[in-house]
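Read in order, the letters of the sequence shown correspond to residues 178 to 371 in the working numbering.
To start, the structure itself, in structure tokens.
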Amino acid sequence: MRSLAYGEWPSPIDAATAAAHDGSPEFVGFVGDEVWWTEPRPTEAGRRTLVRRRADGTEEPVLPAPWNVRTRVIEYGGRPWAAAVRDGVPLVVFVNFADQRLYRYEPGGEPRPLTPVSPVGQGLRWADPVLLPERGEAWCVLEEFTGDGPGDVRRVLAAVPLDGSAAGDRGAVRELSDGRHRFVTGPRLAPDGR
């Protein structure tokens, strides 16, 4: 039997192999009869993609690179996507990590921005969307930085129009709560639709 000092034995697992198997599916949900989730892609600079598993068992990414489905709200992030089936076709809203904007996407088309570019870097951030196509809105958490200090932030529940009218007009985003709360998360509708 050969003996080696601790840490000097050969291993079939190197750092690149370990890094290439980062994480597991996150933010799993159903879209019609399919299962969707975000999945890390370490070989693509850590991008997180949205994946769908069809009823027949086949899997495919919903969005191609470079789209990175991830949010920075409260720096911990949160659920970065929501989807619903309309007329047999999935309608998806998601947060793109690079600019923290909320986008609308229907497979076969191009993602379209729903929210404006922040005047303060990535100072507008969105998370935990709830898709309400019958109302023409997505409800979500909005985190808005108002200055440079750590306390210069407000968080509200917001309704974003699905028609893209808020992409160039922050005023088109309807705020559903006041900005007094420091921690806001997980908007959900009651069974009666309120």
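We put the CB at the ideal spot given by N, CA and C, even for glycine.
- Task: Answer yes or no: do alanine 343 and valine 337 have a C-beta to C-beta separation smaller than 7 Å?
- Result: yes
- Item | Inter-stretch contact (C-beta, 8 Å, three-pair minimum) for the segment 207-218 and the segment 280-292 | no
- Task: With DSSP as the reference, label glutamate 221 as helix, strand or coil.
- Result: helix
- Item | CB of valine 270 within 7 Å of CB of alanine 315, strictly | yes
- Message: Alpha carbons only, please: which of Trp244, Tyr280 and Pro257 is nearest the one belonging to glutamine 223?
- Response: Per the sequence presented here, residue 223 reads as glycine, with glutamine not at that position. With distances taken between Cα atoms, glycine 223 lies closest to Trp244.
- Query: By a C-beta neighbour count over all protein chains shown, 10 Å radius and 16 as the cutoff for buried, is alanine 335 buried or exposed?
  - Reply: buried
- Task: Verify the contact flag: tryptophan 213, CB atom, against every heavy atom of the ligand MG, threshold strictly below 6 Å.
- Result: For the structure depicted, the ligand MG is absent and the ligand set is empty, with no information on it obtainable.
- Query: Using a Cβ-Cβ cut-off of 7 Å (strictly less than) and excluding sequence neighbours within five positions of proline 310, which residues of its own chain qualify?
  - Reply: Ala261, Arg263, Leu268 and Leu339
- Message: With H, G and I counted as helix, E and B as strand and the rest as coil, what does DSSP make of valine 262?
- Response: strand
- With 16 as the cutoff for other CB atoms within 10 Å, does leucine 181 come out buried or exposed? exposed
- Query: Looking at glycine 356 and alanine 304, is the spacing between their C-beta atoms short of 7 Å?
  - Reply: no
- Message: Spatial neighbours of proline 290 within its chain, please: C-beta separation below 6 Å, excluding the five flanking residues on both sides.
- Response: Arg278, Tyr280 and Ala344
- Item | Beta-carbon proximity of arginine 230 to glutamate 236, cut-off 7 Å | yes
- Can you pull the DSSP bridge partners for threonine 226? Glu216
- Query: For glycine 348, which of Arg359, Arg331, Thr292 and Gly313 has the nearest alpha-carbon?
  - Reply: Thr292
- Measure the C-alpha to C-alpha separation of arginine 225 and alanine 367 and round it to an integer number of angstroms. 31 Å
- Message: Give me, in chain order, the residues of the same chain whose beta-carbon lies closer than 8 Å to that of phenylalanine 360; leave out the 5 immediate sequence neighbours on both sides.
- Response: Ile251 and Arg332
- Query: Using CA coordinates, which residue listed in Ile190, Ser201 and Asp233 is at the minimum distance from aspartate 210?
  - Reply: Asp233
- Message: I need the boundaries of the beta strand (DSSP E) containing alanine 336, first residue and last residue.
- Response: 330-338
- In or out: threonine 248 buried (at least 16 other Cβ within 10 Å) or exposed? buried
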